[in-house]
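Data first, discussion second: the structure below is written as structure tokens.
Protein chains in written order, with the numbering used here: chain A, 11 to 392; chain B, 4 to 278.
Laid out in structure tokens, this is it:
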């Protein structure tokens, strides 16, 4: 009975309910887009770190897990590697570079990441092959660069790097293409640590030839669950380091927390607006329907049916609006240019959709309460 | 003698607000038999609508018994009363009678749905009843596409379709012109007689009393008199037939009573507070 009443009312007032569903669709669009933007920006900051095949990262002591500030001597690598419980260790160096192209293709700024071939931190290549040698003048590139500049495996890539006060150009052969590997809001290119040390921008060229100073170590543990105990163990045994898990590391990146908090606040407010809009709409509708609800109760319709009809109506309208908003967002996502950092992952979208579906009944609760409180006598003016 | 379907005994309704105590209905005892159509009349504030609301199970009596089909409404809880209204009572109101998003046929079927008696046969019965009421070409129209009289006819059909014991009507002609008012009440009366229901109509329009079998006049919450004689009822109903545009106030009509009621013996005196 409740289903019958709610469906009939929606069907016979298609225009009004469709317009309201559009409002819900717009709210859905805004929430999903904000969620996608948050995910995209977070991903641009952490994509590479998150994919490293390791459990903990080692930083220089007192650098607050900053990959740029941290500097580790090669001794530290040896010291970390020798303990039981450590499966493998890879040194990683971070820097920036600019890729330049011919034929009018715009230069691309990229993160230049130095890795140890075959060690944690070395990315897999889904096309071509990963870096296999320490000395080879080869590079593995992020798929975004391949797509944006039309680069293929076997092509030569030109890196522009400032050495002292001069711009130097280096040619590296593309050995492979990896999946998305952004770091610090830029797509990454990977070279061996030795090549990285040669080509990375340096303020003082006279430093060339010294020992390689990577920024961090990626440590793979024998027992991935022993993350905390091994972190403490390493900090006690090896001087001058701080150890943390990967999530803490990328959350400590400058601006990450502020950026995510801003977007989460925006998302929260959009939800709140959604609840108020839905609540307002159904409350006004209930107030308009007071005589009708009173009449239904007077002829023997139970409160149970009246409440269920109201709940079902809210659910139908919210479902339709959220579906419409979700599809519109999907359509937009497919047409977005690559440069916009919007990323829709299953978890973030499902969480946002579940929350959006909940705001209907939450927003409509006041109206359901009002409907239940309608007194037939008062409503009918008897 | 016809069996009484509806009987009330010393029904009282008291409203209290601070120190103010108002007796809206004061010791009313009435009975309505099967196939009997009653007109409940009286000036505004006489308690007739409160009485109707109690008979419909929408309001609890402060004291007294309200028996319909042998069940005392005053002993029921809210859930039982809601169910009782759904099964045993047919109700038409002054306005807002119909669900605006259901067609005429669906509005009538609504009572069958509420009682879980809908289906193909139920739909056919609803259509037949509406056809009987001259609504055969309006079955699929929404209430906004119907005139006031047509809406009242749909409401009458809805009040009768589920075979209730008692049919109640609150000012069914309030928003209708004279011609339509006559049509509606005539149909209502015919169906009540034909289907052997107990019918009660609250009305301000005494002209409509020509269709009822008994008139109960209430004043100040009490039954002032009961008119059963046909001639007396017709006379009462005819008081305003020469001036259909302005119906005299009820008080004025009863003030002139010796002039217009030929035989005072036709009035049944009711002792207030008596059994």
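Note that the Cβ used here is the ideal one computed from N, Cα and C, for glycine as well.
Under 8 Å from the C-beta of residue i: neighbouring residues of chain A
i                     : result
residue 11 of chain B : Within chain A, no residue comes near residue 11 of chain B; the closest Cβ sits about 18 Å away, beyond 8 Å.
CB contact below 8 Å: residue i versus chain A
i                      : result
residue 96 of chain B  : yes
residue 61 of chain B  : yes
residue 130 of chain B : no
residue 114 of chain B : yes
residue 56 of chain B  : yes
residue 244 of chain B : Here the model assigns residue 244 of chain B a pLDDT of 40, short of 50, so the residue's position is not dependable and the matter cannot be decided.
Minimum Cβ-Cβ distance from residue i to chain B less than 8 Å
i                      : result
residue 24 of chain A  : no
residue 393 of chain A : Any question about residue 393 of chain A goes unanswered here, given that chain A covers just 11 to 392.
residue 386 of chain A : yes
residue 390 of chain A : yes
residue 380 of chain A : no
residue 306 of chain A : yes
residue 14 of chain A  : yes
residue 157 of chain A : no
residue 18 of chain A  : yes
Cross-chain neighbours of residue i in chain B, by beta carbon under 7 Å
i                      : result
residue 311 of chain A : 117
residue 344 of chain A : The contacting residues do not exist; residue 344 of chain A stays about 38 Å from chain B at best.
residue 11 of chain A  : 116 and 117
DSSP three-state assignment for residue i, whether helix, strand or coil
i                      : result
residue 74 of chain B  : strand
residue 275 of chain A : helix
residue 33 of chain B  : coil
residue 311 of chain A : coil
residue 127 of chain B : helix
residue 94 of chain B  : strand
residue 132 of chain A : coil
residue 43 of chain B  : strand
residue 63 of chain A  : coil
residue 115 of chain A : coil
residue 12 of chain B  : strand
residue 38 of chain B  : coil
residue 33 of chain A  : helix
residue 246 of chain A : helix
residue 68 of chain B  : strand
residue 336 of chain A : helix
residue 56 of chain B  : helix
residue 63 of chain B  : coil
residue 23 of chain A  : coil
residue 6 of chain B   : coil
residue 51 of chain B  : helix
residue 299 of chain A : coil
residue 384 of chain A : coil
residue 80 of chain B  : coil
residue 330 of chain A : helix
Cross-chain neighbours of residue i in chain B, by beta carbon under 8 Å
i                      : result
residue 320 of chain A : By Cβ distance, chain B contributes nothing, its closest Cβ being about 14 Å from residue 320 of chain A, past 8 Å.
residue 61 of chain A  : Simply none; closest approach about 55 Å.
Within chain A, partners of residue i - CB distance below 9 Å
i                      : result
residue 89 of chain B  : 309, 310, 311 and 312
residue 145 of chain B : 22
residue 86 of chain B  : 310 and 312
Identity of the residues DSSP links to residue i by a beta bridge
i                      : result
residue 305 of chain A : Answer is none; residue 305 of chain A lacks a bridge partner.
residue 104 of chain A : A:123
residue 117 of chain B : Residue 117 of chain B pairs with nothing; no bridge assigned.
residue 19 of chain B  : B:24
residue 98 of chain A  : A:230
residue 69 of chain A  : A:252
residue 46 of chain A  : Residue 46 of chain A pairs with nothing; no bridge assigned.
residue 138 of chain A : A:186
residue 109 of chain A : A:118 and A:169
residue 150 of chain A : A:186 and A:200
residue 225 of chain B : B:222
- Task: Starting from the N-terminal side, write out each stretch of the alpha helix (DSSP H) that is 4 residues or longer and does not extend beyond the stretch 152-239 of chain A.
- Result: 153-159 and 203-209
- Item | Continuous alpha helix (DSSP H) assignments of at least 4 residues falling wholly in the stretch 138-220 of chain B | 151-163 and 181-197
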